[in-house]
Amino acid sequence: MAEAHPVGFQWVMEAKRRGAKVFHVDPRFTRTSAVADTYLPIRAGTDIALLGGVVRYILDNELDFREYVLAYTNAATIVSEQFADTEDGDGLFSGYDPHTDSYVQTSWQYAGHEQDSGSGHTAKERDGAAGLQHESHGAQVSGQTARDETLQHPRCVYQILRRHFARYTPEMVERVCGIPREKFLELARAWAENSGRERTGALVYSVGWTQHSVGVQYIRTGAIIQLLLGNMGRPGGGILALRGHASIQGSTDIPTLFNLLPGYLPMPHHADHPTFDDWVDSIRHPGQKGFWGNARAYAASLLKAYWGDAATPENDFCYDHLPRMTGDHGTYQQVLNMIDGKIKGYFLLGQNPAVGSAHGRAQRLGMANLDWLVVRDLFMIESATFWKNGPEVATGEIVPQECRTEVFFLPAASHVEKEGTFTQTQRLLQWREKAVEPPGDARSELWFFYHLGRRLREKLAGSAHRRDRALLDLAWDYPTHGPLAEPSAEAVLREINGYDVSTGRPLASFAEAKDDGSTAVGCWIYSGVYADGVNQAARRRSRHEQDWVAAEWGWAWPANRRTLYNRASADPQGRPWSERKKYVWWDPQAGEWTGYDVPDFERTKPPTYRPPQGASGPAALAGDDPFVMQGDGKGWLYAPSGVLDGPLPTHYEPAESPMRNPLYGQQANPTRKVYAHPVNSVNPSPPQEHSAVFPYVFTVSRLTEHHTAGAMSRTVSPLAELQPEMFVEVSPELAAEAGLTHLGWAHLISGRAVIEAKVLVTDRLTPLRVDGRVIHQLWLPYHFGYEGLVTGDSANDLFGITLDPNVLIQESKVGTCDILPGRRPTGPPLRDLVDDYRRRAGIVPGERPPTVTTRVRRPAGRSGDGPREKGADHA
Amino acid sequence: MGLRTFIAGWPVYRQLTGTDPLGRGVAAQSGRSAGLTARTETADRVARSVCPYCAVGCGQRVYVSDDRVTQIEGDPDSPISRGRLCPKGSASKSLVTSPLRQTTVRYRRPYSTDWEDLDLDTALDMIADRLLAAREQTWEDVDSEGRPLHRTLGISSLGGATLDNEENYLIKKLFTAMGALQIENQARI
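These protein sequence lines map, in sequence, to chains A and B. The opening residue of the first sequence carries number 1 in UniProt numbering; numbering runs sequentially from there. The opening residue of the second sequence carries number 1 in UniProt numbering; numbering runs sequentially from there.
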């Protein structure tokens, strides 16, 4: 955090000054480690084993915040008797379908809800990255659930949790993660002690957790700990995602993502949502508790914002204008389709996949096989010049005279040359004022897309084709101003906020959205950002003139709440858990919730409220159900649905690992998304043979002085000067083993690529003793490419493409490789070297690695050291 | 210059008698530097902005003179950043004023070995034509059972995490109306 989010890190230091203990877990010692109380080096890709150890420590010693856990989580809920745990399945849960490598979730449901809750078969959900829909709300649960308030029922969540994590002992943590048990116990003890009425602990993560084939479950494990310790919805608590781009949160909320529409409404699926009613009911789940009960209003209002006067209740608000998903249409599937010649044109909008995406060679080969490519950026980036300067030109794989891709480079306006809102990492929208006009041909995306749309509509005027109806019906009349005819960003923000169609009055909140066509709302969760016709995101009351919550600086979704689920900061009766941790509470005199923040609860619903029989929507939430977007109002220790790879997190090895999974026969996530394409490959891992061909683990991250794929830093002279060269960090022990010299050259080889880097021999990396052997890890920055003031080979070229099943994020925080001293070959011999490694590793183009690797059931009581498959280990 | 003024102008004297015993501030100031004025004080205007790099959302003040950005500093009023910026945020002025910035449209013909110039308006028109052609060639109206698809899988887009909410809103709205489904951004990556 000190390296990649330095200014945010000042608050960690403030907390430390006030007595907080800071623990830092990272494969590499960084500036964060330097000021932490305790640093724990970890084997990349094993965080679930570490966190699972903490869960076990809490449960075994009964250190959970019992009052919170009983009232606010699903610990007491009884799970179906059909459920079978990974403990019984050698790493597989019940319901696994080997034909689709996915789960049927029926047996995971709460008792009595096997048939009416959950998603059933989830293969389709994986292709649609359905997990992303739950960024704003939980999955559905029908009706009331059976509970055992004593937590003794063998099938209550609490007991299932105990059994599931029983084998995550301190010894197992040491064996899997390489973290000595004393250090692990120091972490577990401090975390648990810092919990309860008087104290809270915060958990901070970034893409070191998300970019894994089982990444969503890392965060789930963190959520289980934070719920057990009562750290959610309370000041100083929470799970804080440090996102890496100025408005990456905004571009998820108002998504430029294939599977979502604004406000986490799903893009319709051709088979599941043929009609508007099918689509809406799949979101709101008639009869369900919570605020998604109003989804029909959000959906109708979005379509009204899109298609204006043409959208009427009679034509289902032009629902048939929406394109339909039929499967996986994500960015990695697209790149493979480009290579296969299925895609004509590609837009890159401030994005540089030639450097920033996994498997850079596949990205560049894909772009070299388009009809046309539009690149909009501040600088001439690698993704615009791959046909001329890319590594494949040097190897002869791309020949400019034979490359047909027509490339348009259009200069973009910078952040000071346009106005608009960024949504930062804690859901806070901040408006930027425009300082100057963009230079030359540079334009904002707002300008480009508004005028492109205007031109398309002019060209299609009078068209009778059914396919052109959606463009011609589009509400596309934004006012423009200035010499460049720049569209008004405020007018767009007003549409995002939503307004009353007849009067034009901006809505005050999403509660005013209607399903009859009388309101238009571009993104329902942002409703309120333009309340009273005032740009709330532009508010800049100084921090010196308001309290520490700073509610009048910018605007946070939803409803300007700064801490989500803050009803949990009060006890079930509505009183603060303690004076010290007071945040939001029930005022019995006034008959309403009050506090420092906007209460995340119906303002006048008393803590004693109990829903009448048969209630649904918000009315079905009790006065002590704080998790209002969850189907049962509870924080989910156990997730009966919504997560595709298991109701509980389980340690699986990364898709590429030098080790056999010490916990289960199941080696890697059995539901991970794998692409069997000739350009893609996965380095072998046990129990496959030849994993020793790629003996080292590598991981990547950011430098303080560079930004992502380098377009905004390798082009900026002070930053380029501070970090001028691509390098690889290795431990002195690995340097000795591999014959590497400090400041000399080395090259790294994976099944995809070979790259070179200067060697930095440093104690920042340390060999880990894991399961009786030594694992060497090496670290690379991923910012370099072949354009800009400073250049170097791209670390992302080393990665293959394997994705998390929930959200289709690639595993690009851990892979295996070999490292050799000296520079890499150039020209065609470079590919020969990769091919030689592939041959030795037994990589067959287009072949999938084995998915299910469970062993024959062993008798109970045997240790994990039993006999394994032939050739499984290379210790 | 009188003796008194001469002695008062002597840094050691100022250091020993003034408010700067360590000699790192006013005591060491030369006549020239005492007469200098910060660019931020003479700016024609100040725009309140937000750092374009990571997602912490540090407040920035963008100082403008003669319609050019002359300085970008941290906004001390921000409850998020309290006026601080990291090395990248501090380099924001160098980012927006970088001589490497492309300010004209560049065009590469199929099979060409070099760039050529192109007028922005022509480029926009050519892109519009190519979009319509790609749609026509790859349009899917219904699936094999006659259910609506209303889409093209011939067009892709990637990007948005460095852009504004308003921009992402228009991007998604226009592509969706075009039937272009394969719209992605860094949030997937």
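Glycine included, every Cβ here is placed at the ideal spot set by N, Cα and C. Note that this is a predicted model, so its numbers are computed, not measured.
Simplified DSSP state of residue i, which is helix, strand or coil
{"i": "Y63 (chain B)", "result": "strand"}
{"i": "I42 (chain A)", "result": "coil"}
{"i": "I427 (chain A)", "result": "The displayed chain sequence assigns Arg, not Ile, to residue 427 (chain A). Residue state, collapsed to three classes: coil."}
{"i": "E166 (chain B)", "result": "helix"}
{"i": "residue 953 (chain A)", "result": "No answer is possible for residue 953 (chain A): it lies beyond the span of chain A, which begins at 1 and ends at 875."}
{"i": "D797 (chain A)", "result": "helix"}
{"i": "K459 (chain A)", "result": "helix"}
{"i": "D318 (chain A)", "result": "It is Cys, not Asp, that sits at residue 318 (chain A) in the sequence shown. Helix, per DSSP."}
{"i": "V700 (chain A)", "result": "strand"}
{"i": "S578 (chain A)", "result": "coil"}
{"i": "R18 (chain A)", "result": "coil"}
{"i": "T77 (chain A)", "result": "strand"}
{"i": "M126 (chain B)", "result": "helix"}
{"i": "A568 (chain A)", "result": "helix"}
{"i": "H451 (chain A)", "result": "helix"}
Interface flag, residue i vs chain A, CB-CB below 8 Å
{"i": "I7 (chain B)", "result": "no"}
{"i": "T176 (chain B)", "result": "yes"}
{"i": "R109 (chain B)", "result": "yes"}
{"i": "Q102 (chain B)", "result": "yes"}
{"i": "T162 (chain B)", "result": "yes"}
{"i": "Q137 (chain B)", "result": "yes"}
{"i": "A34 (chain B)", "result": "no"}
{"i": "Q186 (chain B)", "result": "yes"}
{"i": "D117 (chain B)", "result": "no"}
Residue-level contact to chain B via CB, residue i, 8 Å cutoff
{"i": "P558 (chain A)", "result": "no"}
{"i": "A570 (chain A)", "result": "no"}
{"i": "V22 (chain A)", "result": "no"}
{"i": "W553 (chain A)", "result": "yes"}
{"i": "G353 (chain A)", "result": "According to the sequence provided, residue 353 (chain A) is Pro. The question's Gly does not apply to it. Chain B, which has a Cβ nearer than 8 Å to the Cβ of P353 (chain A), makes this yes."}
{"i": "D597 (chain A)", "result": "no"}
{"i": "I496 (chain A)", "result": "yes"}
{"i": "A860 (chain A)", "result": "Low per-residue confidence applies at A860 (chain A): pLDDT is 39, beneath 50, and the placement is therefore not dependable, though the value from the model is reported in the following sentence. Answer no: the Cβ-Cβ gap between A860 (chain A) and chain B never drops below 8 Å."}
{"i": "P439 (chain A)", "result": "yes"}
{"i": "V716 (chain A)", "result": "yes"}
{"i": "K16 (chain A)", "result": "no"}
Residue interval of the beta strand (DSSP E) (run including residue i)
{"i": "R839 (chain A)", "result": "No beta strand (DSSP E) holds R839 (chain A); the alpha helix (DSSP H) holding it covers 828-841."}
{"i": "H150 (chain B)", "result": "148-159"}
{"i": "P411 (chain A)", "result": "406-411"}
{"i": "S49 (chain B)", "result": "45-50"}
{"i": "F291 (chain A)", "result": "No beta strand (DSSP E) holds F291 (chain A); DSSP gives it neither H nor E."}
{"i": "R773 (chain A)", "result": "773-775"}
{"i": "V25 (chain A)", "result": "23-26"}
Start and end residues, alpha helix (DSSP H) containing residue i
{"i": "P391 (chain A)", "result": "391-395"}
{"i": "Q159 (chain A)", "result": "157-164"}
{"i": "C177 (chain A)", "result": "170-177"}
{"i": "I58 (chain A)", "result": "47-60"}
Closer than 8 Å to chain D by CB, residue i
{"i": "Q133 (chain A)", "result": "The question asks about chain D, but that chain is absent: this structure's protein chains are A and B."}
- Message: For the region 47-61 of chain B against the region 85-99 of chain B, do three or more pairs of beta-carbon atoms, one drawn from each stretch, fall closer than 8 Å, so that the two count as touching?
- Response: These segments touch.
- When Cβ atoms are compared, which residues of the region 389-416 of chain A fall closer than 8 Å to chain B? The residues in question are P400, Q401, E402, C403, R404, T405, E406, V407, F408, F409, L410, P411, S414, H415, V416.
- Task: Below 7 Å between beta carbons is the criterion; list the residues of the region 308-325 of chain A that meet it against any residue of chain B, in chain order.
- Result: Listed by position, the residues of the region 308-325 of chain A near chain B (Cβ gap below 7 Å) are D320, H321, L322, P323, R324, M325.
- Item | Short-range partners of chain B found in the region 289-308 of chain A, where Cβ spacing is below 7 Å | Within the region 289-308 of chain A, those residues whose Cβ lies closer than 7 Å to any Cβ of chain B are, in chain order, Y306.
- Item | Residues in the region 457-479 of chain A having any Cβ partner in chain B nearer than 7 Å | For the region 457-479 of chain A, which is checked against every Cβ of chain B, the residues closer than 7 Å are K459, R466, R467, A470, L471, L474.
- Below 8 Å, can you find three or more Cβ-Cβ pairs linking the region 820-830 of chain A to the region 747-756 of chain A? The region 820-830 of chain A vs the region 747-756 of chain A: in contact.
- Message: Which residues of the region 39-66 of chain B have a Cβ closer than 9 Å to any Cβ of chain A? Give them in chain order.
- Response: Along the region 39-66 of chain B, the positions whose C-beta sits under 9 Å from a C-beta of chain A are R45, V46, A47, R48, S49, V50, C51, P52, Y53, C54, A55, V56, G57, C58, G59, Q60, V62, Y63, V64, read in chain order.
- Three CB pairs or more closer than 8 Å across the region 639-647 of chain A and the region 606-622 of chain A: No, they do not touch.
- Query: the region 201-231 of chain A: which residues have C-beta closer than 7 Å to a C-beta of chain B, in chain order?
  - Reply: Within the region 201-231 of chain A, no residue qualifies.
- Query: Does the count of Cβ pairs from the region 89-105 of chain B and the region 463-474 of chain A closer than 8 Å reach three?
  - Reply: No contact exists between the region 89-105 of chain B and the region 463-474 of chain A.
- Message: So if I threshold CB-CB distances at 9 Å, which residues from the region 333-346 of chain A count as touching chain B?
- Response: Cβ contacts with chain B: Q333, Q334, V335, N337, M338, K342, I343, K344, G345, Y346.
- Item | Inter-stretch contact at 8 Å, needing at least 3 Cβ pairs: the region 545-558 of chain A / the region 424-432 of chain A | Yes, the region 545-558 of chain A touches the region 424-432 of chain A.
- Determine, using beta-carbon pairs with one atom in the region 195-205 of chain A and one in the region 575-590 of chain A, whether at least three such pairs fall under 8 Å. The region 195-205 of chain A makes contact with the region 575-590 of chain A, as at least three CB pairs between them are under 8 Å.
- Interface positions of the region 74-86 of chain B facing chain A (Cβ-Cβ less than 9 Å), listed along the chain: Of all residues in the region 74-86 of chain B, G74, D75, P76, D77, S78, P79, I80, S81, R82, R84, L85, C86 have a Cβ within less than 9 Å of some Cβ in chain A.
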